[in-house]
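Positions in the sequence shown are counted from 1; adding 18 to them yields the numbering used here. C-beta atoms are modelled at their ideal positions from N, C-alpha and C, and glycine is treated no differently. Worksheet: the structure to be examined is printed underneath.
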Amino acid sequence: MCDGSQLGGDRLVWSGVAEARRLGVACVLLLLVPSPAEAAAVEDAGRLLAGLGVDAMCVQPLAVPSARGGWDESTVAGLVAKLPAVALVLDPAAVAGGGGGDPAAVGRRTGVAVHAVDPSGRRQPDRLSAAYVRERLLAGDVAAATEAVGCPHRVAGVVVHGEGRGNGLGFPTANLALGEHSVVPGDGIYAGWFTVVDRSWSDGGMAGGVRYPAAISISRNPTFAGRRRTVEPHVLDVSANLYGQTVTTDFVERVRVPERFDSIEELIAAMQRDVENVRLVLRDMNR
């Protein structure tokens with residue numbers, strides 16, 4: 019939770035994303051603005067942050083004259099009721115100022131965990147900015163982005179029908195239709211995690227809400243002279259009918275860059291190596 023002036027303090031947003039991942043809940047970026055007239059400008063500035071791990075973004079007028087005025091218990095309770103929230107990550111000055119009280123005390127009185135994060139308390143400003151994280155992601159360096167943010171970069175999408183080539187090659191993939199503001203890492207084959215969002219869903223050997231290891235391909239399929247860039251996770255060792263499901267992919271590490279192969283046999287051999295490399299990366303991660 020922050021006001022528009024704090025959009026440069028990306029540490030606040032990164033902390034919120036990390037806490038949401040820890041709790042297994044959605045991360046909502048709540049932007050408070052002085053007036054409806056300023057909402058559009060603040061919303062545009064927040065789109066970059068919304069694409070870097072935030073699941074949703076809300077813009078609404080400030081409930082107090084300024085963030086320094088502090089949110090009291092009733093304001094926090096109102097925000098909880100609207101979202102509803104299980105945790106709030108906010109600037110301590112926004113609560114402590116103007117008689118708002120200690121953030122932890124406000125949290126105890128409302129039953130919500132409140133985490134105070136100073137958006138200006140950054141030891142490495144360049145590595146905690148949205149611009150830096152976006153640059154690393156577009157370069158395919160998802161590991162550096164993870165180090166800066168504190169959790170893997172996540173992309174959400176709906177599984178739609180694709181060309182069907184992966185299934186014919188023995189590596190079925192889920193072709194994803196992504197949100198408008200998704201920040202997609204640079205082309206490559208990535209080790210990552212795949213999750214179906216709907217926890218009540220199950221099919222074949224898979225269940226919703228469970229994290230599965232995946233080899234994630236982002237490319238234009240150069241071997242087949244493709245023109246459209248696709249994001250296609252191959253879930254390891256299990257299969258299911260995923261069409262129509264909203265899923266998330268968490269990117270851990272790029273294992274290779276895309277390349278054009280002269281034969282299908284060479285492509286299949288490379289994909290087999292990719293899967294083994296993905297296993298190694300994720301196994302080492304869990305040690």
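Beta-bridge analysis with DSSP links Tyr208 to Ile234, Arg272. When the alpha-carbon of Leu254 is set against those of Leu298, Val202, Leu41, the nearest one is in Leu298.
Scanning its chain for C-beta atoms nearer than 6 Å, with the 5 sequence neighbours on each side dropped, one finds around Asp268 the residues Pro170, Arg172, Gly210, Trp211, in chain order. For Asp280, the number of other beta carbons within 10 angstroms of its own is below 16, and it is reported as exposed. Taking the Cα positions, Val98 is about 16 Å away from Ala134.
Spatial neighbours of Gly168 in its own chain (CB-CB distance under 8 Å, excluding positions within 5 residues in sequence) are listed in chain order as Trp32, Ser33, Val35, Ala36. Under the three-state reduction of DSSP output, Glu37 falls in the helix class. Taking a 10 Å sphere around the C-beta of Met303, we find fewer than 16 other C-beta atoms and assign the residue as exposed.
DSSP places Gly188 outside both helix and strand once states are collapsed to three, so it counts as coil. DSSP places Val249 within a strand segment (E or B) once states are collapsed to three.
Proximity of the stretch 218–229 to the stretch 158–166 falls short of the contact definition, fewer than three beta-carbon pairs being nearer than 8 Å. Residues of the same chain with a CB within less than 8 Å of the CB of Val265, apart from the 5 flanking positions on each side, are Ala174, Gly175, Val176, Val177, Ala192, Leu194, Phe212, Thr213, Val214, Val215, Pro251 in chain order.
A buried status is given to Ala258, since no fewer than 16 other beta-carbon atoms sit within 10 Å of its beta-carbon. Sequence-distant partners of Val293 (beyond 5 residues in either direction) whose C-beta falls short of 7 Å from its own C-beta, in its chain, are Ala233, Leu254.
If you draw a straight line from the Cα of Lys100 to the Cα of Val77, it is about 13 Å long.
Beta-bridge analysis with DSSP links Ala74 to Val46. DSSP places Asp221 within a strand segment (E or B) once states are collapsed to three.
The alpha-carbon separation between Val72 and Leu30 amounts to approximately 12 Å.
Thr266 is bridged by DSSP to Ala174, Thr213. Within the same chain, no residue comes within 8 Å of Glu284 by CB-CB distance, once the 5 residues on both sides are set aside.
Inclusion of Val296 and Tyr208 in the CB contact set at 9 Å is warranted, their separation being smaller than that value. Just measuring C-alpha positions, the residue of Ile286, Val43, Gly262, Gly188 sitting nearest Val256 is Gly188. Taken through DSSP and simplified to helix, strand or coil, Ala195 comes out as strand.
Counted as a single uninterrupted DSSP element, the alpha helix (DSSP H) harbouring Leu298 occupies residues 282–303.
Taking C-beta separations shorter than 7 Å and ignoring five residues to either side along the sequence, the partners of Arg217 in its chain run Gly226, Gly227, following chain order.
The residues Gly204, in chain order, have a CB closer than 6 Å to that of Leu156 in the same chain once the five nearest residues on each side in sequence are set aside. For Arg272, the closest C-alpha among the options Ala38, Arg154, Gly129, Gly125 is that of Arg154.
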